[in-house]
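One structure is given below, encoded as structure tokens.
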């Protein structure tokens, strides 16, 4: 069984479905990436100490607290207790450090993490990607940091895309993504956006807690772009990325959300974090976790979730991301047959991995 599992994982590499380049990676290149991960881990250790000493971490904590308080005020729940989960809570007047903690959480640079089969280039520039979908409100704060300088990166564009509550990605029509006969999904745009960081290197966006789909734990994809073009229709186009990765969620929180409608309408098998290939691979390589830190805005999950994480990137890196679909002024246009077939192949492999568990 282990041999078969490794063979399927290798097949994903060979297909280009989880590799960033269009060619196979040699053993030397794979070893180089392992070294890169270790070097990044050490750099992050140093960076977070430097950020704490310089006051950057304190400022980010204060901004995080301000943002969360604003979200609570809008909902009229300032009088309610905060909750990390259903078993722990904080009083409304608890200090920021008690509620949000003073330690950083980081998504380690993982240049071998999959962009997945649902990437679209030419996303709308926006910080709200709900678009009338139903689910648990989720507010995500990303802090983008240069791992070489330990400084926040202003004005860097970050792509974010995810599945909806029933595990479907908008904009892509293929096997394994909802109803493959529904061609109208090609022009849907929910759960997708791109936005630029502010002067503090922070990007805030509103979405819904992602649903699950076969073979993968619940996650949100990210890609950072330092080069690209803003088009007249308020979209951003770039074929290169300095970082491609994913952020994940605590399993207990996932379980709470999955008990609610419309997540209960999702009939696909839920893959727990402990069985996700890509999450476990990253956790094995580094002690920095890609699992976001979260607080419930109120006393229940239904009142919304606030999440944050620091994303450390190598600004000199440059990766090509094969797109399944190109967004144009006339809507979604499927990519070449080669890219699309690779996307379908990746979906089928994920399904096969899921059946083996």
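In mature numbering (1 follows the signal peptide of the UniProt record, and there is no 0), the protein residues as written are -19 to -1, 1 to 338.
Ideal placement from N, C-alpha and C gives every residue a C-beta, glycine not left out.
For residue i and residue j, what's the separation of their Cα atoms in angstroms?
{"i": "residue 76", "j": "residue 145", "result": "Here the model assigns residue 76 a pLDDT of 45, short of 50, so the residue's position is not dependable and the matter cannot be decided."}
{"i": "residue 40", "j": "residue 115", "result": "34 Å"}
{"i": "residue 345", "j": "residue 126", "result": "A query on residue 345 cannot be resolved here, the shown segment of the chain reaching from -19 to 338 and no further."}
{"i": "residue 323", "j": "residue 46", "result": "Reliability fails at residue 323, whose pLDDT of 43 lies under 50, so the model's placement of it is uncertain and the value that follows must be treated cautiously. Near 43 Å, if we compare the C-alpha coordinates of residue 46 and residue 323."}
{"i": "residue 284", "j": "residue 50", "result": "13 Å"}
{"i": "residue 119", "j": "residue 294", "result": "24 Å"}
{"i": "residue 217", "j": "residue 175", "result": "7 Å"}
{"i": "residue 241", "j": "residue 234", "result": "12 Å"}
{"i": "residue 131", "j": "residue 165", "result": "44 Å"}
{"i": "residue 188", "j": "residue 121", "result": "8 Å"}
{"i": "residue 25", "j": "residue 32", "result": "10 Å"}
{"i": "residue 186", "j": "residue 27", "result": "28 Å"}
{"i": "residue 252", "j": "residue 246", "result": "16 Å"}
{"i": "residue 42", "j": "residue 275", "result": "13 Å"}
{"i": "residue 254", "j": "residue 108", "result": "27 Å"}
{"i": "residue 124", "j": "residue 224", "result": "13 Å"}
{"i": "residue 97", "j": "residue 158", "result": "12 Å"}
{"i": "residue 154", "j": "residue 30", "result": "45 Å"}
{"i": "residue 297", "j": "residue 160", "result": "40 Å"}
{"i": "residue 221", "j": "residue 139", "result": "12 Å"}
{"i": "residue 129", "j": "residue 311", "result": "41 Å"}
{"i": "residue 207", "j": "residue 184", "result": "14 Å"}
{"i": "residue 133", "j": "residue 162", "result": "44 Å"}
{"i": "residue 301", "j": "residue 219", "result": "9 Å"}
{"i": "residue 236", "j": "residue 273", "result": "15 Å"}
{"i": "residue 263", "j": "residue 56", "result": "36 Å"}
Give the range of the beta strand (DSSP E) segment to which residue i is assigned.
{"i": "residue 284", "result": "From DSSP, residue 284 is part of no beta strand (DSSP E); its letter is neither H nor E."}
{"i": "residue 173", "result": "173 to 177"}
{"i": "residue 123", "result": "118 to 127"}
{"i": "residue 235", "result": "Segment 232 to 239 is the alpha helix (DSSP H) holding residue 235; no beta strand (DSSP E) there."}
{"i": "residue 251", "result": "No beta strand (DSSP E) contains residue 251, which DSSP labels as neither H nor E."}
{"i": "residue 339", "result": "Here the chain has residues from -19 to 338 only, and residue 339 is not among them."}
{"i": "residue 243", "result": "Neither: residue 243 is in no beta strand (DSSP E) and is coded neither H nor E."}
{"i": "residue 309", "result": "306 to 309"}
{"i": "residue 98", "result": "Looking at the DSSP string, residue 98 is not in any beta strand (DSSP E), and its letter there is neither H nor E."}
{"i": "residue 193", "result": "Element bounds for residue 193: n/a, residue is neither H nor E."}
{"i": "residue 216", "result": "216 to 218"}
{"i": "residue 212", "result": "Per DSSP, residue 212 belongs to no beta strand (DSSP E) and is neither H nor E."}
{"i": "residue 205", "result": "200 to 206"}
{"i": "residue 111", "result": "Here residue 111 belongs to no beta strand (DSSP E), and DSSP marks it neither H nor E."}
{"i": "residue 228", "result": "224 to 229"}
{"i": "residue 315", "result": "312 to 315"}
Once the 5 residues before and after residue i are set aside, which same chain residues still bring their CB inside 6 Å of it?
{"i": "residue 313", "result": "152, 167, 168, 306"}
{"i": "residue 248", "result": "none"}
{"i": "residue 194", "result": "144, 148, 249"}
{"i": "residue 177", "result": "136, 138"}
How far does the alpha helix (DSSP H) with residue i in it extend, from its first residue to its last?
{"i": "residue 39", "result": "37 to 55"}
{"i": "residue 265", "result": "258 to 266"}
Only counting the same chain, and skipping five residues up and downstream in sequence, which positions put a Cβ closer than 7 Å to that of residue i?
{"i": "residue 238", "result": "117, 190, 244, 282"}
{"i": "residue 170", "result": "105, 112, 151, 152"}
{"i": "residue 173", "result": "101, 104, 110, 142, 151, 152"}
{"i": "residue 180", "result": "135"}
{"i": "residue 347", "result": "Coverage of the chain is limited to positions -19 through 338, which leaves residue 347 absent and any answer about it impossible."}
{"i": "residue 192", "result": "144, 145, 146, 147, 148, 244, 247"}
{"i": "residue 44", "result": "181, 183"}
Keeping to the same chain, check which residues put their C-beta closer than 8 Å to that of residue i; ignore five residues upstream and five downstream.
{"i": "residue 53", "result": "59, 61, 278, 279"}
{"i": "residue 309", "result": "103"}
Considering only heavy atoms of the ligand COA, does any lie closer than 7 Å to the CB of residue i?
{"i": "residue 189", "result": "Among the ligands in the structure shown, none appear at all, so the ligand COA cannot be discussed."}
Original post:
On the three-pair Cβ rule with 8 Å, is the region 225 to 236 touching the region 190 to 200?
Top reply: yes
contact_flag[the region 203 to 215, the region 265 to 277] where n(CB pairs < 8 Å) is 3 or more: no
Assess, as a yes-or-no matter, whether the region 256 to 267 is touched by the region 201 to 210 under the definition of 3 or more beta carbon pairs within less than 8 Å. no
query = What are the complete beta strand (DSSP E) segments, minimum 3 residues, inside the region 123 to 162?
reply = As for any beta strand (DSSP E) of minimum length 3 sitting wholly inside the region 123 to 162, the runs are 138 to 142, ordered along the chain.
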